[in-house]
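Chemist: Here it is, the structure in full.
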Amino acid sequence: MQELDHLNEAVDSRNPAMGLAAVAALRGLVEELEELQVDNARAMGWSWQQIAESLGVTRQSVHKKHHVRRGRRRR
Amino acid sequence: MFDRCDDAALQVVHSAIDSARGLGHNYLGTEHLLFALAEHRDLLSAEVASMLPTATAVRSAMVSVVGEPVRRDAEALRTVGIDLEEVRSAVRRTFGEEAIARLARRRSHQAWPPWRQRSRRCTSLLAQNITMAPRVKQAFEIASRHAERRAQPRIDPISLLFGIVDLEDALANRLLRENGVDPDHIRTIVSGGRS
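So the protein lines, in turn, are chains A and B.
Each residue of the first sequence is one higher than the one before, starting from 109 at the first, in the numbering used here.
Each residue of the second sequence is one higher than the one before, starting from 780 at the first, in the numbering used here.
The following block contains the structure:
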């Protein structure tokens with residue numbers, strides 16, 4: 109019975125619909141974690157430059173994505 | 780907001796929250812209230828109750844529009860070895876409930892309309908507390924005024940229904956229309972205060 113479950117799982121994970129859904133869900137999760145981490149870093153006084161370096165992206169892209177979001181919230 | 784509700788309306792609200800949770804939604808929308816009203820139609824007058832689609836019909840319309848995002852995501856993440864529940868508790872330990880609640884609030888307030896169709900962006904995977912959609916707050920304000928006009932001390936289910944059908948672009952009304960029910964028709968009957 110357990111073997112059958114494993115087999116079912118293997119078939120499931122090869123199903124593109126499930127695989128793509130997993131990718132989309134991961135992307136969503138990454139977005140949420142990024143928001144939380146960036147907010148936390150800013151609260152701890154990190155500069156946009158430092159945050160960008162840790163994320164491995166340019167300062168401009170971090171700034172564009174998060175400064176706007178945070179700014180809009182405050183206004 | 781809920782302190783303005785009478786017991787029957789509270790029963791509807793609790794049932795709406797349960798249905799949101801059961802579908803893996805972490806916001807309370809007008810669609811959940813509509814579902815709960817359809818489910819508890821005995822709390823409405825017979826005339827109004829007969830106009831509402833069945834709770835099952837509302838639920839399937841809701842699932843086809845909004846889906847069951849979090850449940851589906853949790854299942855998909857499991858196929859790549861990620862336990863969403865574990866991620867949640869790790870995040871909760873690191874940032875606390877408040878930061879997660881803020882994140883969920885921000886998401887549920889994202890651009891309207893029709894924001895819930897892009898449910899992945901609006902439903903937080905991390906948050907588990909239910910936040911109230913802006914339309915629901917508006918519906919309660921309208922319901923409150925409607926109850927006053929009818930000289931009701933508190934919001935009852937009829938006023939709650941009025942609050943929903945009065946909001947033209949609420950998702951609940953789209954679900955009504957998809958079930959062949961004209962929200963304006965309900966609105967006319969209910970606005971007369973005949974209950």
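By construction, the Cβ of each residue, glycine as well, lies at the ideal position given by its N, Cα and C atoms.
Going by beta-carbon coordinates alone, are A922/B and T809/B separated by less than 7 Å?
Modeler: By 1-based counting over the second sequence, the position of residue 922/B is 143. By 1-based counting over the second sequence, the position of residue 809/B is 30. No, they are not a contact pair.
Chemist: List the residues of chain B that L144/A touches, going by C-beta distances under 7 Å, in chain order.
Modeler: One-based indexing of the first sequence puts residue 144/A at position 36. Here the neighbours are V870, F874, A878, L882.
Chemist: Cβ of A160/A less than 7 Å from any chain B Cβ?
Modeler: As a first step, residue 160/A is located in the first sequence; it is residue number 52 there, counting from the start. Taking Cβ atoms only, chain B never reaches closer than 7 Å to A160/A, which makes this a no.
Chemist: What residue from A788/B, S798/B, A853/B has the CA that sits closest to L823/B's CA?
Modeler: Translated into the one-based positions of the second sequence, residue 823/B becomes position 44. Nearest C-alpha to L823/B: A788/B.
Chemist: Among the residues of its own chain, which have a CB less than 7 Å from the CB of G803/B, if the five just before and after it don't count?
Modeler: Locating residue 803/B in the second sequence gives position 24, counting from the first residue. Within the same chain, G803/B has close Cβ partners E847, P848, V849, R850.
Chemist: Hey, H925/B and M830/B are a contact pair by Cβ (cut 8 Å); roughly how many whole angstroms apart?
Modeler: Mapped onto the second sequence, residue 925/B falls at position 146. Mapped onto the second sequence, residue 830/B falls at position 51. Their Cβ separation, rounded to whole angstroms, is 17 Å, which puts H925/B and M830/B out of contact at 8 Å.
Chemist: Spatial neighbours of F781/B within its chain, please: CB distance less than 8 Å, with the 5 preceding and 5 following residues excluded, ordered by chain position.
Modeler: On the second sequence, residue 781/B is found 2 positions in, with the first residue counted as 1. Cβ within range, chain order: L789, V792.
Chemist: For D862/B and chain A, any beta-carbon pair shorter than 7 Å?
Modeler: Against the second sequence, residue 862/B aligns to sequence position 83. No - not a single Cβ of chain A is within 7 Å of the one on D862/B.
Chemist: So the candidates are V969/B, E927/B, I909/B, G860/B; which of them puts its Cα closest to the Cα of L134/A?
Modeler: In the first sequence, counting from the first residue as 1, residue 134/A sits at position 26. Selected option, being the one with the closest Cα: G860/B.
Chemist: Flag R800/B as yes when its Cβ comes closer than 6 Å to any non-hydrogen atom of the ligand GTP, and as no otherwise.
Modeler: Ligands displayed in this structure: none; no statement on the ligand GTP is therefore possible.
Chemist: Nearest by alpha-carbon distance to A132/A: which of G959/B, R871/B, E854/B, R783/B is it?
Modeler: In the first sequence, residue 132/A corresponds to position 24, counting from 1. Of the candidates G959/B, R871/B, E854/B, R783/B, the one whose C-alpha sits nearest the C-alpha of A132/A is E854/B.
Chemist: Where does T858/B sit, in a helix, a strand or coil, going by DSSP?
Modeler: Within the second sequence, residue 858/B is the residue found at index 79, counting from 1. Helix.
Chemist: Name, in chain order, the residues that DSSP records as bridge partners for T910/B.
Modeler: Here residue 910/B corresponds to residue number 131 of the second sequence, with the count starting at 1. Beta-bridge pairing links T910/B to Y806/B.
Chemist: Run down chain B in chain order and give the residues with a C-beta less than 9 Å from the C-beta of L137/A.
Modeler: Here residue 137/A refers to the residue found at position 29 when the first sequence is read from its first residue. Correct list: D852, L856, I861, L863, V866, L904, L905.
Chemist: Do P832/B and V915/B have their C-beta atoms within less than 7 Å of each other?
Modeler: On the second sequence, position 53 is the one that residue 832/B refers to. On the second sequence, position 136 is the one that residue 915/B refers to. Contact flag unset, no.
Chemist: Ends of the alpha helix (DSSP H) at V827/B?
Modeler: Locating residue 827/B in the second sequence gives position 48, counting from the first residue. Start and end: 825 to 828.
Chemist: Taking only the alpha-carbon atoms, compute the straight-line gap between W156/A and S162/A and give it to the nearest angstrom.
Modeler: Working through the first sequence from its first residue, we reach residue 156/A at position 48. Working through the first sequence from its first residue, we reach residue 162/A at position 54. Distance between the alpha carbons of W156/A and S162/A is about 10 Å.
Chemist: Is there a C-beta anywhere in chain B that falls below 7 Å from the one on M152/A?
Modeler: Numbered from 1 along the first sequence, position 44 holds the residue referred to as residue 152/A. Closer than 7 Å: no.
Chemist: Between L812/B and L955/B, which are expected to be in contact by the criterion C-beta below 8 Å, what is the C-beta distance as a whole number of angstroms?
Modeler: If you number the second sequence from 1, residue 812/B lands on position 33. If you number the second sequence from 1, residue 955/B lands on position 176. That belief does not hold up - the Cβ atoms of L812/B and L955/B are roughly 12 Å apart, past 8 Å.
Chemist: Hey, is A149/A's beta-carbon within less than 7 Å of any beta-carbon in chain B?
Modeler: Position 41 of the first sequence, counted from the start, is the residue given in the question as residue 149/A. Cβ-Cβ to chain B under 7 Å: no for A149/A.
Chemist: What are the start and end residues of the alpha helix (DSSP H) that includes L904/B?
Modeler: Taking the first residue of the second sequence as 1, we reach residue 904/B at position 125. No alpha helix (DSSP H) contains L904/B, which DSSP labels as neither H nor E.
Chemist: Using the Cα positions of A880/B and E139/A, report the straight-line distance between them to the nearest angstrom.
Modeler: Along the second sequence, read from residue 1 onward, the residue named residue 880/B stands at position 101. Along the first sequence, read from residue 1 onward, the residue named residue 139/A stands at position 31. Straight-line Cα distance between these residues: approximately 15 Å.
Chemist: Along chain D, in chain order, which residues have C-beta atoms closer than 8 Å to that of L134/A?
Modeler: Here chain D cannot be found, since the structure's protein chains are A and B.
Chemist: Return the bridge partner residues of I968/B from the DSSP annotation.
Modeler: Position 189 of the second sequence, counted from the start, is the residue given in the question as residue 968/B. None; I968/B has no bridge partner.
Chemist: Bridge partners of I934/B, per DSSP?
Modeler: For the purposes of this step, residue 934/B is taken as residue 155 along the second sequence, with counting starting at 1. Its beta-bridge partners are C784/B.
Chemist: Counting contacts by CB-CB distance shorter than 7 Å, is A125/A in contact with chain B?
Modeler: Residue 125/A sits at position 17 when you count from the first residue of the first sequence. Chain B, which has no Cβ nearer than 7 Å to the Cβ of A125/A, makes this no.
Chemist: Assuming contact is defined by CB atoms lying nearer than 7 Å, are I909/B and L807/B in contact in what I supplied?
Modeler: Indexing the second sequence from 1 puts residue 909/B at position 130. Indexing the second sequence from 1 puts residue 807/B at position 28. Against a cut-off of 7 Å, the Cβ pair of L807/B and I909/B comes out as a contact.
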